[in-house]
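For what it's worth, numbering that gives the first Met the number 0 labels the leading residue of the sequence shown as 0, then goes sequentially.
Inspection log for the structure reproduced underneath, given as structure tokens.
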Amino acid sequence: MATRQRPKRVPIREVLKTAIDLEQKTMELYVAFVHAFPRPEEVRNFWFGMARHEAGHVGALTLVDAIIKTDPERVEDTRVLFDQGTITRLRALLRAYLREAQQGVTAERAFEMAVDIEASELEDLVVDMLSVVRSARWRERAVQMLIHDLGDLSYMVERHTKNEDLLRRADELIEQRRGGLKARARVARRRRG
Ligand SMILES: [Fe+2]
Ligand SMILES: [Fe+2]
Numbered sequence: 000m001a002t003r004q005r006p007k008r009v010p011i012r013e014v015l016k017t018a019i020d021l022e023q024k025t026m027e028l029y030v031a032f033v034h035a036f037p038r039p040e041e042v043r044n045f046w047f048g049m050a051r052h053e054a055g056h057v058g059a060l061t062l063v064d065a066i067i068k069t070d071p072e073r074v075e076d077t078r079v080l081f082d083q084g085t086i087t088r089l090r091a092l093l094r095a096y097l098r099e100a101q102q103g104v105t106a107e108r109a110f111e112m113a114v115d116i117e118a119s120e121l122e123d124l125v126v127d128m129l130s131v132v133r134s135a136r137w138r139e140r141a142v143q144m145l146i147h148d149l150g151d152l153s154y155m156v157e158r159h160t161k162n163e164d165l166l167r168r169a170d171e172l173i174e175q176r177r178g179g180l181k182a183r184a185r186v187a188r189r190r191r192g
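In structure tokens:
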């Protein structure tokens, strides 16, 4: 039986490649949905927006990587909370979903996949890593965009499916993310004094 691993604080450089890889795979899945759902236009645009934002996360992490490479001392001790179990599960999920998407999925199933993926803690890890850039405003904006995306996802589920359970899950994600933003803003205010 596999032993359950607790989340650990690990140096950012150790998990950066993994995070970039998972963000890229998420982007690929959303791009597959752009092609799979050309109509109605608002659904296509939704998937295109989701793919673009994952591309933005890849870009942001590449920036973090550059900062670490140019100023290794400053970031030597910067650690993030990393849960190997979460990452392993998400990797397996993305692999299975990319395969399933190639076979063709319904719009409802695609939304369900997005809820599953956005519910994983990958985006929290990404937001944590952005702290290396030391721009609280940039980081808050990234979180606000995540909330905006989840709002769109919930709207899509409501408009294009009759799946109440999925809608509830999508709405819960928004609430969780909002709670996280408030907590972070409190910490930032305290730091600024
Ligand atoms: Fe992302
Ligand atoms: Fe995402």
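All residues carry an ideal CB built from backbone N, CA and C; glycine is no exception.
These figures come from a predicted structure and were not determined experimentally.
Item: Residues near residue 26 in its chain [Cβ-Cβ closer than 7 Å; skip 5 each side]; Value: 50, 53, 54 and 57
Item: Residue environment, residue 176, which counts as buried when at least 16 other CB atoms sit within 10 Å; Value: buried
Item: Straight-line Cα distance separating residue 96 from residue 112; Value: 7 Å
Item: Distance cut-off 7 Å: residue 27 Cβ against heavy atoms of ligand 2; Value: no
Item: Burial state of residue 24, where buried means 16 or more other Cβ atoms lie within 10 Å; Value: buried
Item: Nearest-angstrom Cα separation, counted from residue 149 out to residue 169; Value: 7 Å
Item: Close-in-space but distant-in-sequence residues of the same chain around residue 165 (CB under 8 Å, 5 per side omitted); Value: 107, 110, 111, 114 and 156
Item: Inter-residue spacing [alpha-carbon to alpha-carbon] between residue 63 and residue 91; Value: 25 Å
Item: Collapsed DSSP secondary structure at residue 88 in the structure displayed; Value: helix
Item: Residue closest to residue 18, alpha-carbon to alpha-carbon, out of 79, 99, 161 and 153; Value: 79
Item: Run of the alpha helix (DSSP H) containing residue 110, from where it starts to where it stops; Value: 106 to 118
Item: Beta-carbon proximity of residue 145 to residue 138, cut-off 8 Å; Value: no
Item: Residues that DSSP places opposite residue 7 in a beta bridge; Value: 81
Item: Cβ-heavy atom distance, residue 120 to ligand 1, below 7 Å; Value: no
Item: Own chain, CB closer than 7 Å to residue 0, minus 5 neighbours either side, in chain order; Value: Only weak support is given to the placement of residue 0: the predicted model assigns it a pLDDT of 46, under 50, and the question is left unresolved by the model.
Item: Residue 127 classed as buried or exposed, judged by whether at least 16 other C-beta atoms fall within 10 angstroms; Value: buried
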